[in-house]
Amino acid sequence: MVEVQHVTKRYGSLTAVDDISFRVEPGEILGFLGPNGAGKTTTMRILTGFLPATDGKARVAGFDVFEQPMEAKRRTGYLPETPPLYPEMTVSEYLRFVARIKGMPAAERRSQVGLAMERTRISDMADRYCGKLSKGYRQRVGLAQAILHNPDVLILDEPTAGLDPRQIIETRALIAELAGDHTVILSTHILPEVSQTCQRVVIINRGRVVAVDTPDNLTARLQGSQTLHLQIDTQGADVLATLEQVDGVARVTRVDAQDGIGAYEVESLHGGDVRRELSHTVVTRGWGLLELRPQQMSLEEIFLQLTTEETPTDADHQVADMPRDETGVAEEDEVDE
Amino acid sequence: MNNIVALAHKEIRAYFVSPMAYALLGFFALLFGWFYVASMNVMLQFSMGQFGQGGPQVVNINEFMVRPLFGNTAVILLMMLPFLTARAYSEEKRSGTIELLLTSPISDFQIIMGKFLGAMTLYVMMLTLTLIHVGILFWYGEPEWGPIVSGYLGLLLMGSSFISVGLAISSMTRNQMVAGLSTFAVLLLFWVINWVGDASGSTTQAVLSYLSILEHFDDFSKGVIDTTHVTYYVSFIAFGLFLTAKSLDTARWNG
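Residue numbers (the numbering used here), protein chains in the order written: chain V, 1 to 337; chain F, 338 to 592.
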């Protein structure tokens with residue numbers, strides 16, 4: 001439904017987006033995750049035809065956004081970071097105006113506006129001026145504007161930014177509901193949002209795609225070398241040596257030692273499960289096994305690891321190596337029009 | 338066309354929801370009325386022979402009243418129209434609504450024409466107000482209608498030029514104040530551009546006085562519709578709209 005191939009965007013000497021490629025399947029919700037200034041907004045603006053790319057190709061609903069922009073735009077709904085509202089219009093006037101410039105036939109406008117207001121639960125605000133709405137309602141009107149013409153592809157730039165917790169839950173539910181008939185790309189820098197709403201994640205940092213996968217797979221993949229947390233009632237010097245002798249263990253480090261109790265982190269090779277061998281060794285040596293559990297990596301940690309560490313461990317991760325210099329990257333949010 | 342009308346309609350709404358349209362219409366009517374009375378007084382003084390021509394005499398209303406009035410109106414417009422166009426694009430850029438327009442299936446041309454049409458509608462309303470005064474002239478006097486019609490055509494063309502410059506400048510900034518001030522300065526410059534030409538060579542002077550925006554208006558207020566002047570204004574308008582298109586495009590490339 002959406003196809004991005006080697007898209008690059010440069011502002012003068014700044015490279016905001018550097019050779020990005022990814023695909024989004026019909027009906028899917030794709031999360032676009034990255035720290036501020038990573039190139040999320042720029043990528044979305046390229047997809048919506050607001051910005052032309054310096055290089056590369058992008059197709060939305062089968063239409064090239066550079067060569068057939070009108071066709072692509074007709075099939076795209078876009079909610080920018082700040083909802084593009086006209087303060088002097090009432091909500092229903094605004095939505096009728098948007099319906100008109102989106103090229104919707106006059107006969108359908110009224111019913112579609114009503115439907116969009118119902119879906120985003122703003123019907124009771126229909127006669128209020130957009131300029132007088134609270135942040136939460138502004139965001140919803142922005143969302144109504146994006147889904148108004150029933151586009152194939154919905155592009156939402158930080159749809160939950162600035163909302164209160166209840167509104168966030170409602171918005172996420174709404175997005176999940178929309179995903180059935182629309183393909184959704186949403187950007188965020190809030191991690192739980194991704195695991196809760198998205199089927200697939202593109203992690204982007206400094207203009208480059210760092211990883212593309214499902215939230216679950218990402219978690220699993222980064223645990224490639226699984227880490228176990230082990231606690232035993234011994235802290236002698238021979239413990240480390242003994243544990244490292246166990247089959248499949250890559251490395252053991254002592255993290256804590258108090259009152260005769262030692263805590264260790266055991267890394268296994270190639271993600272193998274060494275719990276059985278480990279517990280066996282501990283018990284046959286006559287040590288007391290107090291605790292043995294896999295060290296869970298939260299998406300948060302994965303994100304940090306992906307966006308701050310220099311080199312990935314596995315070659316088949318399709319994880320791009322990241323430039324270390326701080327200067328070569330645009331803070332897209334700071335770049336002025 | 339539907340899109341252009343939709344955009345123009347939106348623009349007009351925006352003018353009338355804010356006090357902008359009322360301030361423009363009101364103060365324009367006030368100032369025009371003031372100049373109307375002032376030029377009438379001058380004409381009356383002439384006709385009463387107070388300038389030493391001996392007794393009362395018949396004076397030409399067109400020459401002594403209408404023509405100076407049109408000249409004064411041109412100056413009022415030069416000062417007021419920058420306020421009409423200042424917010425057109427700058428406000429959309431500031432508030433981010435330009436992103437809605439540029440990601441909708443409408444062309445830049447439609448956006449530009451919609452904005453132009455919206456501003457023109459308000460301007461035509463301003464001019465319409467002055468027809469009351471002209472009506473009074475016809476009621477009490479016998480002016481020739483020819484120079485009045487050509488004068489209005491001139492005002493329309495000149496005002497459109499002001500508007501197209503104003504829109505172009507508004508599309509280059511996100512600050513309304515900067516847009517308004519720059520438009521005013523540019524228009525003023527086009528007014529006085531031939532003032533420095535007098536001492537220099539004849540070619541320079543010819544070029545400078547050709548560029549002067551008010552110079553071309555003079556013939557219209559005399560009742561002469563010269564294609565040179567029409568061409569000047571039409572190309573001025575086209576150039577302004579072309580600049581707007583370029584500036585929208587540049588904003589896009591530079592993000």
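We treat Cβ as the ideally placed atom computed from N, Cα and C, and that holds for glycine.
Review point. What are the start and end residues of the beta strand (DSSP E) that includes residue 291 of chain V?
Key: 289-294
Any chain F beta carbon closer than 8 Å to residue 110 of chain V = no
Note to self: I'd like the ranges of any alpha helix (DSSP H) spanning at least 4 consecutive residues and lying wholly in the segment 78-150 of chain V.
What the structure shows: 91-101, 106-119 and 135-147
- prompt: Between residue 376 of chain F and residue 408 of chain F, what straight-line distance do the alpha-carbon atoms span, to the nearest angstrom?
  reply: 11 Å
Report task. Check whether the segment 420-427 of chain F touches the segment 500-515 of chain F, counting contact only when three or more Cβ pairs, one atom from each stretch, lie closer than 8 Å. Result -> yes
At the level of alpha carbons, what is the spacing between residue 313 of chain V and residue 43 of chain V? Low confidence applies here, because residue 313 of chain V scores a pLDDT of 40, under 50, leaving its location unreliable; read the following figure in that light. Going from the Cα of residue 313 of chain V to the Cα of residue 43 of chain V covers about 27 Å.
| request: State buried or exposed for residue 26 of chain V, treating a residue as buried only when at least 16 other CB atoms are found within 10 Å of its CB. | output: exposed
Next on the checklist: Could you pull the DSSP bridge partners for residue 32 of chain V from this structure?
Outcome noted: V/187 and V/202
Practice item. Verify the CB distance criterion: does residue 348 of chain F have a CB-CB separation below 8 Å to chain V? Key: no
inquiry  = Between residue 104 of chain V and chain F, is any beta-carbon pair separated by less than 8 Å?
reply    = no
- What span of residues does the beta strand (DSSP E) with residue 21 of chain V cover, start to end? 14-24
Reducing DSSP to helix, strand and coil, say where residue 262 of chain V ends up. strand
Margin query: For residue 285 of chain V, which residues in the same chain have their Cβ closer than 7 Å to its Cβ, ignoring the five residues on either side in sequence?
Written below: 242
Can you pull the chain F neighbours of residue 73 of chain V, defined as C-beta to C-beta under 7 Å? 440, 441 and 442
With a threshold of 8 Å, are at least 3 pairs of Cβ atoms found where one atom belongs to the segment 8-21 of chain V and the other to the segment 146-166 of chain V? no
- Quick one: is residue 293 of chain V buried, meaning 16 or more other Cβ sit within 10 Å of its Cβ, or exposed? exposed
Taking 8 Å as the threshold, find out whether the segment 71-88 of chain V comes into contact with the segment 148-158 of chain V through three or more Cβ pairs. yes
query: Does residue 340 of chain F get closer than 8 Å to chain V when you measure Cβ to Cβ?
result: yes
Residues of chain F with CB under 8 Å from residue 125 of chain V, in chain order? Ordered by position in chain F, no residue passes the 8 Å Cβ test against residue 125 of chain V, which lies about 18 Å from the chain.
Quick check: residue 131 of chain V and residue 69 of chain V, are their CB atoms within less than 8 Å of each other? no
query: What alpha helix (DSSP H) runs, 4 residues minimum, are completely inside the segment 387-428 of chain F?
result: 404-422
Who are the neighbours of residue 70 of chain V on chain F, taking C-beta pairs under 7 Å? 442
Problem - Neighbourhood of residue 548 of chain F by C-beta distance below 8 Å, restricted to the same chain and skipping five residues each side - result: 527, 530 and 531
| If residue 231 of chain V and residue 261 of chain V are in contact, beta carbons under 8 Å, what's the gap, nearest whole angstrom? | 6 Å
Proximal residues of chain F, C-beta to C-beta of residue 100 of chain V below 8 Å = 339, 340 and 343
Under the rule that 16 or more other beta-carbon atoms within 10 Å means buried, what is residue 479 of chain F, buried or exposed? exposed
When DSSP labels each residue in this structure, what does residue 507 of chain F get in the three-state scheme? helix
Answer with yes or no whether the minimum CB distance from residue 313 of chain V to chain F is below 8 Å.
-> Interpretation of residue 313 of chain V is limited by its pLDDT of 40, a score under 50 that renders its predicted location unreliable; no figure is taken from the coordinates.
Checklist entry - Which residue comes first and which comes last in the beta strand (DSSP E) that contains residue 379 of chain F? => result Per DSSP, residue 379 of chain F belongs to no beta strand (DSSP E); it is in the alpha helix (DSSP H), 357-384.
If residue 55 of chain V sits next to residue 6 of chain V, beta carbons under 8 Å apart, how far is it from one beta carbon to the other, in whole angstroms? 7 Å
**Request:** Check residue 338 of chain V in the structure and name its three-state DSSP category.
**Result:** Because chain V here runs from 1 to 337, residue 338 of chain V falls outside it and cannot be looked at.
Item to check | Selection from F/371, F/401, F/353 and F/367 that minimises the alpha carbon distance to residue 385 of chain F | outcome: F/401
### Message
What does the alpha-carbon distance come out to for the pair residue 183 of chain V and residue 29 of chain V?
### Response
6 Å
Could you name the residues of chain V that residue 434 of chain F contacts, counting a contact when the two beta carbons are closer than 8 Å?
84, 85 and 86
Hey, does residue 507 of chain F have any beta-carbon neighbour from chain V nearer than 8 Å? no
Look at residue 416 of chain F and residue 557 of chain F and say whether their C-beta atoms are less than 8 Å apart.
-> no
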